[in-house]
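If you read the sequence shown in this note's numbering, its first letter stands for residue 24, the second for the next number, and so on. Glycine is no exception: its CB is placed at the ideal position from the N, C-alpha and C atoms.
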Amino acid sequence: MHVLKSLLLGAITLIVILGVISISLPRQIHLQRDIIINAPAEVAFEQLSDVRNWPKWLPGYQIDSGKSARFAGTHVGARYNWTSQRRGIGESIVTIVAAEPPSRLVTNLEFEKANKAHSTFVLEETDEGTKLTWHFEQYTGDNPIRKFSGLLIDSTIGEEFEDGLANIKKEVESKYVLTDN
């Protein structure tokens with residue numbers, strides 16, 4: 024009986040400690056990656072602003088065998104809906120909510136279970152080419168589990184964002200070389 028009481032007290036203490044720690048954790052997840060593209064910002068912006076292009080570069084899209092996609096609209100208000108078999112993604116929607124050609128594109132993301140996020144793509148001309156920076160932000164609220172999982176976002180999906188940027192680079196550079204050079 025003494026051992027059971029000690030285990031219960033230890034579990035309660037651990038939960039309290041994790042709860043106190045979670046209070047100090049951020050309520051906002053932020054992930055950022057960038058890449059240099061050897062093409063003008065206008066060409067890269069064109070690739071990003073047409074949601075019909077997204078399956079060509081969206082992280083994880085090529086490996087998801089159970090997906091289906093629907094597209095609606097162009098420019099601001101354009102939507103890309105897809106259903107994925109990947110856990111935690113399910114039914115998802117991307118909507119372009121703001122555009123400042125050729126330098127900025129903002130999207131809202133809605134994942135199943137009411138998870139919402141925002142992505143901002145910033146394009147900046149540099150001496151090396153167009154620097155494309157992909158920002159991802161998601162509000163976690165006060166849920167301690169979501170706050171702790173937010174600490175792992177960089178290691179869990181950061182590589183997928185790098186793959187997505189590499190895919191965008193490949194798409195943009197192949198079109199630019201074929202059409203404008």
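Subject >> Cut-off 6 Å between Cβ atoms - residues of its own chain near I60, not counting five sequence neighbours on either side >> reply: Your numbering for residue 60 matches position 37 in the sequence shown. Only A67, G152, T153, L155, K192 and V195 meet the Cβ criterion.
**OP:** Return the CA-CA distance between I46 and E160, expressed in angstroms with no decimal places.
**Re:** Taking the sequence shown and counting its residues from 1, one reaches residue 46 at position 23. Taking the sequence shown and counting its residues from 1, one reaches residue 160 at position 137. Taking the straight line from one Cα to the other gives about 19 Å.
**OP:** Check D57 in the structure and name its three-state DSSP category.
**Re:** Your numbering for residue 57 matches position 34 in the sequence shown. Strand.
Original post:
Should R50 go down as buried or exposed, given a rule of 16 or more other Cβ atoms within 10 Å for buried?
Top reply: What you label residue 50 is simply residue 27 of the sequence shown in a count that begins at 1. Exposed, because fewer than 16 other Cβ atoms sit within 10 Å of the Cβ of R50.
Original post:
DSSP three-state call for E216: helix, strand or coil?
Top reply: Examination of residue 216 is not possible in this model, given that the chain is present from 24 through 204 alone.
Subject >> Collapsed DSSP secondary structure at S126 in the structure displayed >> reply: One-based indexing of the sequence shown puts residue 126 at position 103. S126 falls in the coil class under three-state DSSP.
Original post:
Under three-state DSSP, which class holds E65?
Top reply: For the purposes of this step, residue 65 is taken as the residue at position 42 of the sequence shown. It is helical.
Original post:
Under three-state DSSP, which class holds R75?
Top reply: As a first step, residue 75 is located in the sequence shown; it is residue number 52 there, counting from the start. Reduced to three states, the DSSP call for R75 is helix.
Original post:
S172 lies in the alpha helix (DSSP H); which residues open and close that run?
Top reply: Taking the sequence shown and counting its residues from 1, the one referred to as residue 172 is at position 149. P167 to G173 is the span of the alpha helix (DSSP H), which, as asked, contains S172.
Subject >> M24 versus G164 - alpha carbon distance >> reply: Counted from its first residue, the sequence shown places residue 24 at position 1. Counted from its first residue, the sequence shown places residue 164 at position 141. M24 and G164: Cα-Cα distance of roughly 39 Å.
Subject >> Where H158 falls: helix, strand or coil (DSSP) >> reply: Locating residue 158 in the sequence shown gives position 135, counting from the first residue. It is a strand residue.
**OP:** Assuming S208 and E147 form a contact by the criterion Cβ under 8 Å, report the distance between their Cβ atoms to the nearest whole angstrom.
**Re:** Residue coverage of the chain in this structure runs from 24 to 204, which leaves residue 208 outside it and unanswerable.
**OP:** Whole angstroms is fine: what's the gap from L54's alpha carbon to F184's?
**Re:** On the sequence shown, position 31 is the one that residue 54 refers to. On the sequence shown, position 161 is the one that residue 184 refers to. Distance between the alpha carbons of L54 and F184: 9 Å.
Original post:
Going by the CB atoms, is the gap between L174 and R56 shorter than 7 Å?
Top reply: Taking the first residue of the sequence shown as 1, we reach residue 56 at position 33. Taking the first residue of the sequence shown as 1, we reach residue 174 at position 151. No; because the gap between Cβ atoms is not below 7 Å, this pair is not in contact.
Subject >> Residues bridged to S47 (per DSSP) >> reply: Within the sequence shown, numbered from 1, the residue matching residue 47 stands at position 24. S47 is not bridged to any residue.
Original post:
Considering only residues of the same chain and omitting the five flanking positions on each side of S144, which have a CB-CB separation below 6 Å?
Top reply: To locate residue 144, count along the sequence shown from 1; it is residue 121. It should be noted that the sequence gives Phe, not Ser, for residue 144. The residues are L71, L128 and W157.
Original post:
If W77 sits next to Y103, beta carbons under 8 Å apart, how far is it from one beta carbon to the other, in whole angstroms?
Top reply: Locating residue 77 in the sequence shown gives position 54, counting from the first residue. Locating residue 103 in the sequence shown gives position 80, counting from the first residue. Between Y103 and W77 the Cβ distance is about 5 Å, and since that is below 8 Å, they are a contact.
Original post:
If you draw a straight line from the C-alpha of T149 to the C-alpha of E65, how long is it?
Top reply: Taking the first residue of the sequence shown as 1, we reach residue 149 at position 126. Taking the first residue of the sequence shown as 1, we reach residue 65 at position 42. C-alpha separation (whole angstroms): 13 Å.
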